[in-house]
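**Q** Residue numbers (our numbering), protein chains in the order written: chain S, 12 to 207; chain X, 8 to 601. Pasting a structure below so you can have a look.
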Amino acid sequence: MKNCILAGVGGQGTVLASKLIAQCAMERGEFVRTAETIGMAQRGGCVVSHVRVGEDAHSPLLPLGSADLLIAFEPAEAVRTLPYLKKGGTVVVSTTPVQPVTVSLSGKSYDASAMLAYLRQNCEQVVEVDTAGICQQCSSQKVANVALLGAAAASGALGVTPEELESAVTRRLPEKFLEMNRRALYAGAKAAEQEE
Amino acid sequence: MNEELLMGNQAIALGAIRAGVSVVAGYPGTPSTEILETVAARNPGDIYVEWSVNEKAAMEVAAGAAISGARALVTMKQVGLNVASDPLMSLAYIGVKGGMVIVSADDPGPISSQTEQDTRQFAEFANLPVFDPVSPEEAYEMIGEAFDYSEKYQTPVLFRPTTRVCHGCASIQVSEERRTIKPEGFIKDDTKWVIFPRTSYLNHLKIAKRDPILADDFSAYSRNTVSGSGKKGIAAGGISFAYLQEALSSLDTDCKLFRAATTNPFPEKLALEFLDGLEEVLVIEELSPVIERALLRLCGKHHLSVKIRGKLSGDTSPAGENTVESVKAAALNFLGLPEEQVDKPQPPELPIRPPVLCAGCPHRASFYAVKQAMKGKKAVFSGDIGCYTLGNAAPLNMVDTCLCMGAGITMAQGIHRVEPDTVNFAFVGDSTFFASGITGVVNAVYNETDIVLIVLDNSTTAMTGHQPHPGTGRTMMGEISEKIDIAAILKAIGVKSVEIADPLDLKAAVAAVKQAAEGSGVRAVIFRSPCIAVTKPAPAFRVDTDKCIGCKKCIREFGCPAISIRDGKALIDGSCYGCSICAQVCPVSAIKRT
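Structure, rendered in structure tokens:
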């Protein structure tokens, strides 16, 4: 298991994603620490979750340059959080931008492709996931988080297999949401396999 | 033993249950809220749990339980301790019989708070012991120890986790054992439980006598530690000590370390052991320089020539949150080691992403209605604490003042006294109204002040995660109680004009505000519409791109995060909750329900 940082916009489901990763690590008998953004900052603001594995982790927050894996729910948030990634670390990123109201108010939209290009220039392994497409396929706006986890697992950087992840999802989520989440998980995994 | 991934707040709750707590009261506030919620969720059945109407009420409920011999827990955030300070200051003199722990969660940064006040400093002011946990797993144990100290010294004790301990999670071994404590009940003794000037003088003497004894006890407390060797020492407390361990683990250096887990009364004996042989000390802590001042005092008291560095000397930041990086930089500088160089490639310009009201939030509609009604008129909008503080952001710009819980109602009255020709609005949420709004309305009615009160009633305490309050008709014991009706309260205290309106019906909402703005005395409009998080979405809206003229009125005036611009036309994304205000605003009827 590895150190992992998740970044996104409030409401995208980063907290559940970090809980699922932590659960997988605990099932492997590892000591886990996580830290999340909760409260005022979560409403449409930037949110970051830290997941640390191993007894030597003192701080709940990852030090800069120490994450093996960055799972970003949004292209600009990937760039914002990139300083946490260690050299040679992996980025799994959603290609779907979330336009902040501040940008829309100026009558513009920010350029997600510039963010993705910056990631490719500065990281060795970048897995791009079309979460909007997967959400449409699975007929749910709420499965982007599990799709990204699926991609992270299949990339090998999470240190957990898609099957282990599936069993964690099965235990954590209510029955009626399981099928769509399973589909999203493997659609994400497929995106990572195609990348390779 | 059962291993669970627990948030610090959950760990505190389970630790308190294990320690035999039987009465728990609190008021929601980030980062403390999940403690009480967890006690309620994991209640073995015999613990009484309530969300009190405010922190003062919670403190007094817990005090009553503790002087009756029960173990009592009270939870709040740091600014809540200000509200509860009146009973707290007096209770410190009177003392308790059963253990009483007051959790006051501090918020360095601040991340979700109005102030960067430090509960450790409050402990000094109130003459109370204070415990400062370093991690969720330690908090699980420490809360029980805090109860033990409270009972041993018959005093309430403060317990102050910070945001990163409250909201950090760790895998923790949870014990199934639980202490059983049978409260003796309330034993009448008017020399003990009735505060009077004479008894307070005597109790003040007792506290002065107790503190050195308790300080020595704390010097022996296993969580206050001294380790390492050298001529340089670093002292830290709380989460900063974890950052320090993290920072030092990557450095090949030795120095003396002091961790102060209880800062009041200060464990002087142990601190002297730490200072012995040192030339220089760096103090790493968040918020106030509490450990730094205690060490400075100790050096003065014992004529030690040890240089103490920290916030007061400008070596560390006087404000904000520490990080592993900031602690490491301070430690490297202090130890005379070279700074680390990090090469950062210049990223493209990043969009700013401030927190916003959710798509479909009824507060946005209420603010918009008031804004429309007051167009071109002189008005000041006093806001309050809750999600609706976010009404200050563009394009609404509808919060001109915000101070503390309940202050909007009373500040509007003061503004009116200086600017009588301005219409003075006060916005208050339903939970805030019950917590500390009612007395402000009584003040306005009695003193014949012209204000327009807008109650934003979304049927929940939204910002902190949807806790019940007296208007919801639910309690934390899972019981249904009679709802307390805000309109009936307003009428009972003499507000003559009380209108109830649906903010999602724009025309009617604007008309209600216009009418209220024209009257005199206290006029109230209650905007009633539930928070989107406690209700099901209505069918979403979409933009007919053939009809959309790209005027951007829906974005420019309303600022809903579900609406953005694509190819010059408005686009509504999947987060639409179907509130319909954008459709009511669109000048060409291009926005339709799906």
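All residues carry an ideal CB built from backbone N, CA and C; glycine is no exception.
(1) Can you pull the chain X residues whose beta carbon is under 9 angstroms from the beta carbon of S/Met37, in chain order?
(2) Could you tell me whether any non-hydrogen atom of the ligand GDP is closer than 7 angstroms to the CB of X/Glu253?
(3) Quick one: what's got a C-beta closer than 7 angstroms to X/Ser120's C-beta in the same chain, skipping five residues either side?
(4) Quick one: using the 10 Å Cβ neighbour count with 16 as the cut-off for buried, is X/Cys558 buried or exposed?
(5) On the DSSP bridge list, what partners appear for X/Gln180?
(6) Under 8 angstroms between C-beta atoms, does S/Ala8 make it to chain X?
(7) What in chain S is Cβ-close to X/Tyr250, meaning under 7 angstroms?
(8) What is the rounded straight-line gap between the Cα of S/Leu73 and the Cα of X/Glu489?
(9) I'd like to know if the stretch 534 to 552 of chain X and the stretch 343 to 360 of chain X are in contact, where contact means that at least 3 CB-CB pairs between them fall below 8 angstroms.
(10) For the structure I just gave you, are there three or more beta carbon pairs, one from the stretch 54 to 61 of chain X and one from the stretch 182 to 189 of chain X, closer than 8 angstroms?
(11) Here's the rule: buried if 16 or more other CB atoms are within 10 angstroms of the residue's CB, otherwise exposed. What is X/Tyr453?
(12) At a Cβ threshold of 8 angstroms, is X/Glu564 touching chain S?
(13) State the Cα-Cα distance for the pair X/Met107 and X/Tyr34, rounded to the nearest angstrom.
(14) Would S/Ser60 and S/Thr25 qualify as a contact pair, given that the criterion is a beta-carbon distance under 8 angstroms?
(15) Express the C-alpha separation of X/Val505 and S/Ala36 in angstroms, rounding to a whole number.
(16) Would you check if there are 3 or more beta carbon pairs closer than 8 angstroms linking the stretch 64 to 73 of chain X to the stretch 195 to 211 of chain X?
(17) Can you list the residues of chain S that X/Thr206 reaches, using a CB-CB cut of under 7 angstroms?
(18) Where in the stretch 519 to 592 of chain X do unbroken runs of the alpha helix (DSSP H), each at least 4 residues long, occur, reported from the N-terminal end onward?
(19) Just the chain X side, please: which residues come within less than 8 angstroms of S/Asp67 by C-beta, in chain order?
(20) So is X/Ser324 buried or exposed if we call it buried at 16+ other beta carbons inside 10 Å?
(21) At a Cβ threshold of 8 angstroms, is X/Ser571 touching chain S?
(22) Between the stretch 388 to 409 of chain X and chain S, which residues of the former have a C-beta closer than 9 angstroms to a C-beta of the latter?
(23) In whole angstroms, what is the alpha-carbon distance linking X/Val141 and X/Pro219?
(24) Just checking: is the beta-carbon of S/Cys57 within a distance shorter than 8 angstroms of some beta-carbon in chain X?
(25) Determine the closest residue to S/Leu130 out of S/Ala165, S/Asp79, S/Gly161, S/Pro86, with distance taken between C-alpha atoms.
(26) Scan the stretch 292 to 378 of chain X and note each continuous beta strand (DSSP E) run of 3 residues or more that stays entirely inside, going in chain order.
(27) Identify, in the order they occur along the chain, each residue of the same chain with its Cβ nearer than 8 angstroms to the Cβ of S/Gln110, setting aside the five sequence neighbours on each side.
(28) Considering only the alpha carbon of each residue, which of X/Val334, X/Ser373, X/His174, X/Val31 lies closest to X/Asn465?
(29) Buried or exposed: X/Tyr147, going by 16 or more other Cβ atoms within 10 Å of its Cβ?
(30) Which partner residues does X/Asp464 have in the DSSP bridge list?
(31) So who's on the other strand from X/Gly436, going by DSSP bridges?
(32) Once you ignore the five residues that flank X/Ala499 on each side, which residues in its own chain have a CB closer than 8 angstroms to its CB?
(33) Can you give me the C-alpha to C-alpha distance between X/Glu41 and S/Val64, rounded to a whole angstrom?
(34) Out of curiosity, what's the CA-to-CA distance linking X/Glu275 and X/Ser75?
(35) Is it true that the stretch 425 to 434 of chain X meets the stretch 373 to 387 of chain X, where meeting means three or more beta-carbon pairs spaced less than 8 angstroms apart?
(36) I believe X/Ala433 touches X/Ala442 by the beta-carbon criterion, under 8 angstroms. Please report the beta-carbon distance rounded to the nearest angstrom.
**A** Quick answer:
(1) Glu10, Glu11, Leu12, Ser178
(2) As presented, the structure is devoid of all ligands, the ligand GDP included, so that no description of it is given.
(3) Lys84, Gln85, Val86, Asp114
(4) exposed
(5) X/Glu10
(6) For residue 8 of chain S there is no data in the structure shown, the boundaries of chain S being 12 and 207.
(7) Ser70
(8) 47 angstroms
(9) Verdict: no, contact absent.
(10) no
(11) exposed
(12) no
(13) 16 angstroms
(14) Judged by their CB atoms, S/Ser60 and S/Thr25 are nearer to each other than the 8 angstroms cut-off.
(15) 56 angstroms
(16) no
(17) Neighbours of X/Thr206 in chain S, taken as residues whose beta carbon is under 7 angstroms from its own, are absent, since the nearest beta carbon is some 41 angstroms off.
(18) 560 to 563, 588 to 592
(19) Ser256
(20) exposed
(21) yes
(22) Cys394, Thr396, Leu397, Ala400, Ala401, Pro402
(23) 25 angstroms
(24) Yes, its Cβ sits closer than 8 angstroms to a Cβ of chain X.
(25) Residue S/Pro86 is the option with its Cα nearest to S/Leu130.
(26) 314 to 316
(27) Ser120, Tyr121
(28) X/Ser373
(29) Of the other Cβ atoms in all chains shown, 16 or more fall within 10 Å of the Cβ of X/Tyr147; this residue is therefore buried.
(30) X/Arg535
(31) X/Leu463
(32) There are no such residues.
(33) 24 angstroms
(34) Answer to the nearest angstrom: the Cα atoms are 33 angstroms apart.
(35) yes
(36) Going by Cβ atoms, the distance from X/Ala433 to X/Ala442 rounds to 15 angstroms, so no, they are not a contact pair.
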